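For the sequence shown, UniProt numbering gives the first residue as 1, with consecutive numbering after it. Glycine included, C-beta positions come from ideal geometry on N, C-alpha and C. As the structure is a prediction and not an experimental result, all values here were calculated from the model.
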Amino acid sequence: MANKKILITGKNGQLGRELQIRCPIGIEVVALNRNELDVSNSHAVQKVIREVRPDIIINTAAYTAVDRAEQEPEIAYTINSKGAENLARECKKLDIRFIHVSTDFVFDGKKSTPYTVNDQVVPLGVYGASKAEAEAVIQELLSDAIIVRTSWVYAAHGNNFVNTMLRLMSEREQLGVVADQVGTPTWTGTLAEILYRLAEKQDAVGIYHCTDLGVASWYDFAVAIFEEAKLHGLLPQEKKLVINAIATSDYPTPAERPAYSVLDKSRLLSELGIELKNWRESLKQAFSTKAELH
Numbered sequence: 001m002a003n004k005k006i007l008i009t010g011k012n013g014q015l016g017r018e019l020q021i022r023c024p025i026g027i028e029v030v031a032l033n034r035n036e037l038d039v040s041n042s043h044a045v046q047k048v049i050r051e052v053r054p055d056i057i058i059n060t061a062a063y064t065a066v067d068r069a070e071q072e073p074e075i076a077y078t079i080n081s082k083g084a085e086n087l088a089r090e091c092k093k094l095d096i097r098f099i100h101v102s103t104d105f106v107f108d109g110k111k112s113t114p115y116t117v118n119d120q121v122v123p124l125g126v127y128g129a130s131k132a133e134a135e136a137v138i139q140e141l142l143s144d145a146i147i148v149r150t151s152w153v154y155a156a157h158g159n160n161f162v163n164t165m166l167r168l169m170s171e172r173e174q175l176g177v178v179a180d181q182v183g184t185p186t187w188t189g190t191l192a193e194i195l196y197r198l199a200e201k202q203d204a205v206g207i208y209h210c211t212d213l214g215v216a217s218w219y220d221f222a223v224a225i226f227e228e229a230k231l232h233g234l235l236p237q238e239k240k241l242v243i244n245a246i247a248t249s250d251y252p253t254p255a256e257r258p259a260y261s262v263l264d265k266s267r268l269l270s271e272l273g274i275e276l277k278n279w280r281e282s283l284k285q286a287f288s289t290k291a292e293l294h
């Protein structure tokens, strides 16, 4: 993939930042934030893409405030769906490869076995519906686009469950964490590496699922965060904390979440010929990075 130029949208998001950190040798990355490229503005998209002239666009720009989306549906759709459409249209005109990041929230979580790339999308809320609409629009416009669905994404930096938990764990002696929603925590380090591998694979096309391996509830994830934080010196060894498993009904939110979000990664693994790490192993790696930054 040497001498390729990749345009990354949403450069200040946790995945956008990770893609910049993990850029392969020989790749020129142009990463832009919303002020530099507002994907919902078709004229801005046209102007910027024609100036940059990338070989590939990786779209990580998104409205991800799941609960707020219920009150701000227009904004969510404008960024997530219209933004993706604007990028896809320009990619079609200029023959640019398009890689779009999507979400487990396109599913309703009613299954009890991992969701495959061919399962029907049935979003529960505005956020998931806006991302599902983006997928449909992209596939209609670009037969060779790549869509990568992921779940429960976190990084050493940024706003995410891990950093929220660390803050609460340092402040409190007791926490209640939902135990009846199940999925797979996914480190941005894993996701960034896979996105670059897919960019390199010339015949990659269509929908892929990418998460770390294994299954966890939010409660399991929180317990692991607490253990790893103490091991990596991010919380004091003597810190005592009671983590209580609670039901979704005990913690009502404006947006309904899928109860089961595990994604089937068999297509990704077979086509790339790779092995992924268990989510717990990735969490260790993320905490090692975080401890170095601390």
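Contiguous alpha helix (DSSP H) elements confined to the stretch 27-64 occur at 42-52, taking only those with 4 or more residues. For residue 187, the pairing in a beta bridge is given by DSSP as 154. In the structure shown, the three-state DSSP call for residue 248 is helix. Secondary structure of residue 174 (DSSP, three-state): strand. Between the alpha carbons of residue 120 and residue 250 lies a distance of about 29 Å. Contact between the stretch 223-233 and the stretch 66-81 is absent: fewer than three C-beta pairs spanning the two stretches fall below 8 Å. Around the beta carbon of residue 26, fewer than 16 other beta carbons sit within 10 angstroms, so the residue counts as exposed. By the CB criterion at 8 Å, residue 141 and residue 89 fall inside the cutoff.
Sequence-distant partners of residue 82 (beyond 5 residues in either direction) whose C-beta falls short of 6 Å from its own C-beta, in its chain, are 40. Contact between the stretch 270-290 and the stretch 152-160 is present, with at least three C-beta pairs closer than 8 Å. Residue 103 and residue 128 do touch by the CB rule: their CB atoms are close to 7 Å apart, below 8 Å. Assigned with DSSP and collapsed to three states, residue 206 falls in strand. DSSP places residue 98 within a strand segment (E or B) once states are collapsed to three. The continuous alpha helix (DSSP H) containing residue 21 extends over residues 14-21.
Annotated three-state conformation of residue 5 is strand, per DSSP. For residue 242, the three-state secondary structure derived from DSSP is strand. For residue 131, the number of other beta carbons within 10 angstroms of its own is at least 16, and it is reported as buried.
The C-beta separation of residue 270 from residue 151 comes to about 20 Å, leaving the pair out of contact by the 8 Å criterion. In the three-state reduction of the DSSP assignment, residue 126 falls in the helix class, which pools H, G and I. The closest CA to that of residue 110, considering only 266, 259 and 233, is found on 259.
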